[in-house]
Amino acid sequence: MKKTLTLLVTLALSCNSSQKTVKEATAETVSDEASEISFAESITENELKEHLFTYASDEYEGRETGEPGQKMAIAYIKAEYEKLKIPAAKADGDYFQEVPLEISKLPIGKLNIEGKDFPIGEHVLTFSAANTSTNEIVYAGYGIEEPNYSNYKDINVEGKIVLLKAGEPKNSDGTYTISGTREASIWSNMSESLTKRIQIAADKGATGILYYDTENFNRFKRRFEAMKSNNNDRMELVDNGATEFYSLFIDQVLAKDILSSIDTDDTSKVLNKALQLSFESSNDKITSENVAALIKGTEKPNEYLVISSHLDHIGISPNGDINNGADDDGSGTVALLEIAEAFKLAADAGKGPKRSILFLHVTGEEKGLLGSQYYTDIEPIVPLANTVANLNIDMIGRIDPNREGERNYIYLIGSDKLSSELHNLSESVNKNFANIELDYTYNDENDPNRFYYRSDHYNFAKNNIPIIFYFNGTHDDYHRPSDTPDKINYDLLQNRARLIFYTAWDIANREQRIVVDKPVN
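Read in order, the letters of the sequence shown correspond to residues -13 to 507 in this note's numbering.
So, in structure tokens, the structure goes:
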């Protein structure tokens, strides 16, 4: 991409959709009777543009995790919070939370069962090194453990490789055993149930799993082949305290070679089979950073609302094109900075939030939600138990070309998943203050895009923290060099950022914390 953005600024601003003239608020101009509306009006198109034409410029080289452009991004974010005089969230005064990462090259090698070799990439897949041997494999059926059903009831898997299959049991009348109805449970949800199966096996002392899933093996294989053909190695968190655990995905051919009756047999048992895993890989360590700032609550300082966006993007393409990531997630980043400014104006005017607000910019989202995973799973800056909600902002500056209806819309995902109260609050706030069309298309449990699991809010949701994910949908420039700041609809970005501010205001200032009435197990 040629460096022409500066020359295009004037033209781009004139070509964007309707512009609004807004009198910008400051602490000095806000009256004692000021409401949230006064502070929301400090979130303006002009300031959003100014931020984004810098943050999503070629100079930042696409903000690839761990690369120089990402370091420039975190320096920019830190400098803005320092200008606003919003302190760092960490007790030591450092805005940066270091996230230790490593790049794992795709492994090479094979699985051998009873003397028969299965090379990686054919009937077996794994994305990290795995070297071990055993003469026993423990078959644990679906790998489920619930009060009314357990595949682990009569077996010991400590120190063992466990063979599991996808799905869940049914009764003779066609109802599901777990739910007792014809409605499938969470165990039929691939994204959530795989994580649960792995965690249960690990908690019981297993050293790894062989996971048989006829519906999704080809999905894993496509990912493996894409990474191999693009020479795209896997980035993951470094957790020096974690016990080594192997996760391997197998197809029907290999699964039946281990247990011929696996499709119909749900009975847990020990299989006397000689298994050897010989998968080699190499890792390169890198460091990246989350950025976190905090406005302390006036009445409930030990309760926290987290507002998040991801600061990274996908960097430079092999041909040298820069992927600026203006919408993904430059739009969320600059919106978060403007929302923080609005709350700081309120605090300076004596209208500070009752609860504390953590402004969290996470790294490594494009690599698998790594920055938010590190925050929730390894080093939360504020206690998760005291975190009342997470509002996550990821791509809110464009229009989904496949969507029909008013342009002044936003997709909401997850608002009702854990808390009916949060969903109702969100609807009420929008009706009273923003009047944006709230589109729940991608909130559907059967959404094939599975967006609920694909941005940073999910790491909060899996910990029973109520979330709302704000999203404009994808477009032709998604993950391409053409995702540039001149294509952002700044009036919509302003409207959406204000909606999030109003929602955050209500959550932070309401008398009681949001109730979780639909917790995950």
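Even for Gly, the Cβ is constructed at its ideal location relative to N, Cα and C.
Report the CB separation of residue i from residue j in whole angstroms; it is logged as a contact under 8 Å.
i, j, result
"Lys473", "Asp462", "The Cβ separation is near 10 Å, so there is no contact."
"Glu122", "Val256", "6 Å"
"Ala279", "Ile72", "5 Å"
"Ser90", "Arg220", "5 Å"
"Pro467", "Asp307", "4 Å"
"Asn276", "Leu346", "7 Å"
"Leu111", "Phe235", "4 Å"
"Ser28", "Ala328", "5 Å"
"Leu550", "Tyr360", "Beyond the ends of the chain as shown, which are -13 and 507, falls residue 550; an answer cannot be given."
"Asn495", "Pro339", "6 Å"
Tell me which residues share the same chain as residue i and place their Cβ nearer than 6 Å to its Cβ, disregarding the 5 neighbours each side in the sequence.
i, result
"Ser358", "Val348, Asp442, Asn445"
"Thr51", "Ser274, Asp298, Thr349, Gly350, Lys353"
"Ala188", "Phe231"
"Ser119", "Gln262"
"Met58", "Tyr46"
Would you kindly work out how many angstroms separate the C-alpha atoms of residue i and residue j, rounded to a whole number?
i, j, result
"Lys139", "Gly145", "17 Å"
"Ile272", "Leu87", "5 Å"
"Arg389", "Tyr162", "36 Å"
"Asp237", "Ile281", "51 Å"
"Lys337", "Ala26", "13 Å"
"Ser3", "Glu47", "Low confidence applies to Ser3: its pLDDT is 35, below 50, so where it sits in the model is not reliable, and the reading given next is rough at best. Answer to the nearest angstrom: the Cα atoms are 27 Å apart."
"Lys69", "Ser317", "20 Å"
"Phe113", "Ile422", "42 Å"
"Asn378", "Phe419", "19 Å"
"Asn216", "Val502", "43 Å"
"Tyr128", "Asp251", "10 Å"
"His37", "Phe455", "22 Å"
"Leu331", "Ser264", "59 Å"
"Asn507", "Asp44", "45 Å"
"Lys417", "Leu485", "10 Å"
"Asn376", "Ile343", "10 Å"
"Leu323", "Ile300", "21 Å"
"Ser174", "Lys190", "22 Å"
"Lys207", "His109", "9 Å"
"Phe39", "His465", "18 Å"
"Ile367", "Glu84", "12 Å"
"Asp103", "Ile302", "39 Å"
"Met381", "Lys182", "29 Å"
If we count the other Cβ atoms within 10 Å of its Cβ and call it buried at 16 or more, is residue i buried or exposed?
i, result
"Gln56", "buried"
"Tyr426", "exposed"
"Ser177", "exposed"
"Glu211", "exposed"
"Pro30", "Per the sequence shown, the amino acid found at residue 30 is Thr instead of Pro. Thr30 should be labelled buried."
"Thr319", "buried"
"Lys214", "exposed"
"Thr94", "Just to set this straight, residue 94 is Ile in the shown sequence, not Thr. Under this definition Ile94 is an exposed residue."
"Pro505", "exposed"
"Ala65", "exposed"
"Ala77", "exposed"
"Asn435", "exposed"
"Glu266", "exposed"
"Ser268", "exposed"
"Arg49", "buried"
"Pro471", "buried"
"Ser179", "buried"
"Gly166", "exposed"
Within its chain, find whatever has a CB closer than 7 Å to the CB of residue i; leave out the 5 residues flanking it on each side and keep chain order.
i, result
"Asp80", "Ala74"
"Glu22", "Tyr488, Trp491"
"Ile184", "Ile195, Ser233"
"Thr362", "Leu370, Asn445, Phe446, Asn449"
"Glu132", "Ile164"
"Asp469", "Asn309, Asn310, Gly311, Ala312, Asp313, Asp314, Asp463"
"Ala20", "Ala335, Lys337"
"Ala333", "Ile281"
"Leu(-1)", "At Leu(-1) the pLDDT is 29, less than 50, meaning the model places this residue with poor confidence; the figure from the coordinates comes in the next sentence. Excluding positions up to five away in sequence, the list reads Lys35."
"Gly107", "Phe210"
Considering only residues of the same chain and omitting the five flanking positions on each side of residue i, which have a CB-CB separation below 8 Å?
i, result
"Thr200", "Ala152, Asp237, Gln238"
"Glu497", "none"
"Tyr135", "Pro155, Thr163, Ile164"
"Pro387", "His461, Asp462"
"Ile141", "Val124, Ala126, Ser254, Lys255, Val256"
"Ala192", "Val124, Val143, Glu144, Gly145, Lys146, Ile147, Val148, Phe231"
"Val374", "Glu289, Tyr290, Leu291, Arg341, Ile451, Pro452, Ile493, Arg499, Ile500"
"Gly160", "Arg168"
"Pro54", "Glu47"
Is the number of C-beta pairs between the region 400 to 416 and the region 483 to 491 that are closer than 8 Å three or more?
yes
Using 8 Å as the cut-off, can you tell me whether the region 289 to 305 makes contact with the region 246 to 255, which would need three or more C-beta pairs spanning the two stretches below that distance?
no
Would you be able to state if there are at least three C-beta pairs under 8 Å between the region 473 to 484 and the region 400 to 407?
no
Any chance the region 91 to 99 sits against the region 259 to 271, with 3 or more Cβ pairs inside 8 Å?
yes
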